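Participant: Below is one structure. I have some questions about it.
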């Protein structure tokens, strides 16, 4: 699949940043612009998200193959790959399948394990949107609020609202496929995985996505790994503590 991408800078070692579930490349533009002095920064939209094509197939194997095709098409050599949440798992899956195709791996606030399903309210809220009759983003926000009380989460989700050719609102993401296959996103990466190149895991201390009890699993799979914790940050570390995240990433990649 030919993924949509944004090239933030064109010089230096390639650095690919991969967004998480319900997101797209735009979420990471501000962060990426601070890495352009030394790196060719590329932000991708994963399948069924943003401006990338939609597909009925949606799992980490497919996402890893999309990333392989992207790297081969652009003839990227020794890229550093950084992924947040779902993007972190896609990056892990790619790294264990194609270890020779990257130099370093950065995983932001996700572990290689399986998780319980926990996106049902968000999906229900998005499915409840009366897109044909909504006239403004304010109306969409009021409808989402019935399911999602957190304003920041609603604001993040509403970035997916766009207009179709008739001027009606639509969602950029492929919500039906995401809803039907959400179990694939909370699944673990492939069993028997192992990756020996430098790897960095970053977690927020207020997030429960990477627990202390996950460290043994991470270290079993990633033999050359560092694990860093950002204080006063939740799951969206790049929004909560962007400078602290930037400092950790720069220290690792430089």
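Residue numbers (my numbering): 2 to 255.
Where a beta carbon is used, it is the ideal one built from N, C-alpha and C, also for glycine.
All values derive from a computational prediction rather than experimental measurement.
Using only CA atoms, which one of 223, 56, 75, 35 lies nearest to residue 173?
Facilitator: Here residue 173 corresponds to residue number 172 of the chain shown, with the count starting at 1. Comparing Cα positions, the closest option is 56.
Participant: To the nearest angstrom, how far is it from the Cα of residue 95 to the Cα of residue 161?
Facilitator: Against the chain shown, residue 95 aligns to sequence position 94. Against the chain shown, residue 161 aligns to sequence position 160. Taking the straight line joining both Cα atoms gives about 26 Å.
Participant: Can you tell which of 118, 14, 108, 205 has the C-alpha that lies nearest to the C-alpha of residue 72?
Facilitator: Start at 1 with the first residue of the chain shown, and residue 72 comes out as number 71. The closest CA to that of residue 72, considering only 118, 14, 108, 205, is found on 14.
Participant: Taking the alpha-carbon positions, what's the residue 224 to residue 92 distance?
Facilitator: If you number the chain shown from 1, residue 224 lands on position 223. If you number the chain shown from 1, residue 92 lands on position 91. Straight across, the Cα-Cα distance linking residue 224 with residue 92 is about 16 Å.
Participant: Give a yes or no on whether the C-beta atoms belonging to residue 110 and residue 210 are separated by under 7 Å.
Facilitator: Working through the chain shown from its first residue, we reach residue 110 at position 109. Working through the chain shown from its first residue, we reach residue 210 at position 209. Against a cut-off of 7 Å, the Cβ pair of residue 210 and residue 110 comes out as a contact.
Participant: Thinking C-beta only, is residue 83 closer than 7 Å to residue 183?
Facilitator: Translated into positions along the chain shown, residue 183 becomes position 182. Translated into positions along the chain shown, residue 83 becomes position 82. Not in contact: residue 183 and residue 83 (Cβ atoms no closer than 7 Å).
Participant: Rounded to whole angstroms, what is the Cα-Cα separation between residue 203 and residue 132?
Facilitator: To locate residue 203, count along the chain shown from 1; it is residue 202. To locate residue 132, count along the chain shown from 1; it is residue 131. Answer to the nearest angstrom: the Cα atoms are 37 Å apart.
Participant: Tell me which same chain residues have a C-beta within less than 7 Å of the C-beta of residue 191, skipping the five on either side of it?
Facilitator: As a working note, residue 191 is residue 190 in the chain shown. So the list reads 94, 97, once near-sequence residues are dropped.
Participant: Using alpha carbons as the reference points, say which of 167, 219, 149 lies closest to residue 125.
Facilitator: Looking up residue 125 in the chain shown gives position 124. The residue with the shortest Cα to Cα distance from residue 125 is 149.
Participant: So residue 32 and residue 46 are supposed to be a Cβ contact under 8 Å. How far apart are they, rounded?
Facilitator: Taking the chain shown and counting its residues from 1, the one referred to as residue 32 is at position 31. Taking the chain shown and counting its residues from 1, the one referred to as residue 46 is at position 45. Contact doesn't hold; Cβ gap of about 16 Å is too wide.
Participant: Classify residue 87 as buried or exposed, calling it buried when 16 or more other Cβ atoms lie within 10 Å of its own Cβ.
Facilitator: In the chain shown, counting from the first residue as 1, residue 87 sits at position 86. Flag for residue 87 reads buried.
Participant: Whole beta strand (DSSP E) runs in the segment 77-128 with 3 or more residues, listed along the chain?
Facilitator: 81-85, 105-109
Participant: Quick one: is residue 163 buried, meaning 16 or more other Cβ sit within 10 Å of its Cβ, or exposed?
Facilitator: Within the chain shown, numbered from 1, the residue matching residue 163 stands at position 162. Exposed is the call here.
Participant: What whole-angstrom Cβ distance do residue 235 and residue 208 have, given they're in contact under 8 Å?
Facilitator: One-based indexing of the chain shown puts residue 235 at position 234. One-based indexing of the chain shown puts residue 208 at position 207. The Cβ separation is near 5 Å, so the contact holds.
Participant: Which word fits residue 177, buried or exposed, when buried means at least 16 other C-beta atoms lie within 10 angstroms of its C-beta?
Facilitator: Here residue 177 refers to the residue found at position 176 of the chain shown. Exposed, since its Cβ has fewer than 16 Cβ neighbours within 10 Å.
Participant: Can the beta-carbon of residue 230 be found closer than 7 Å to that of residue 206?
Facilitator: What you label residue 230 is simply residue 229 of the chain shown in a count that begins at 1. What you label residue 206 is simply residue 205 of the chain shown in a count that begins at 1. Yes, they are a contact pair.
Participant: Straight-line CA distance for residue 185 to residue 52?
Facilitator: Translated into positions along the chain shown, residue 185 becomes position 184. Translated into positions along the chain shown, residue 52 becomes position 51. Taking the straight line joining both Cα atoms gives about 21 Å.
Participant: Thinking C-alpha only, which one of 27, 50, 54 is nearest residue 43?
Facilitator: Walking along the chain shown from the start, residue 43 turns up at place 42. Taking only the C-alpha atoms, the option nearest residue 43 is 27.
Participant: Along the chain, where does the beta strand (DSSP E) that runs through residue 205 open and close?
Facilitator: By one-based count along the chain shown, residue 205 stands at place 204. 200-205 is the span of the beta strand (DSSP E), which, as asked, contains residue 205.
Participant: Can residue 243 be considered in contact with the ligand COA, in the sense that its beta carbon sits closer than 6 Å to one or more heavy atoms?
Facilitator: The model on display carries no ligand, and the ligand COA is accordingly not part of it.
Participant: Just tell me which of 117, 135, 68, 129 has its CA closest to the CA of residue 103.
Facilitator: If you number the chain shown from 1, residue 103 lands on position 102. Ranking the options by Cα distance to residue 103, first place goes to 68.
Participant: Have a look at 81, 123, 3, 63 and flag the residue whose alpha-carbon is nearest the alpha-carbon of residue 40.
Facilitator: Mapped onto the chain shown, residue 40 falls at position 39. Closest in C-alpha terms to residue 40, from the list 81, 123, 3, 63, comes 81.
Participant: I'd like the span of the beta strand (DSSP E) that includes residue 143, first residue to last.
Facilitator: Here residue 143 refers to the residue found at position 142 when the chain shown is read from its first residue. Per DSSP, residue 143 belongs to no beta strand (DSSP E); it is in the alpha helix (DSSP H), 138-146.
Participant: Please classify residue 187: does DSSP put it in a helix, a strand, or coil?
Facilitator: Counted from its first residue, the chain shown places residue 187 at position 186. Coil, per DSSP.
Participant: Closest to residue 228 by CA distance: which of 237, 240, 246 is it?
Facilitator: Translated into positions along the chain shown, residue 228 becomes position 227. The shortest Cα separation from residue 228 among 237, 240, 246 belongs to 246.
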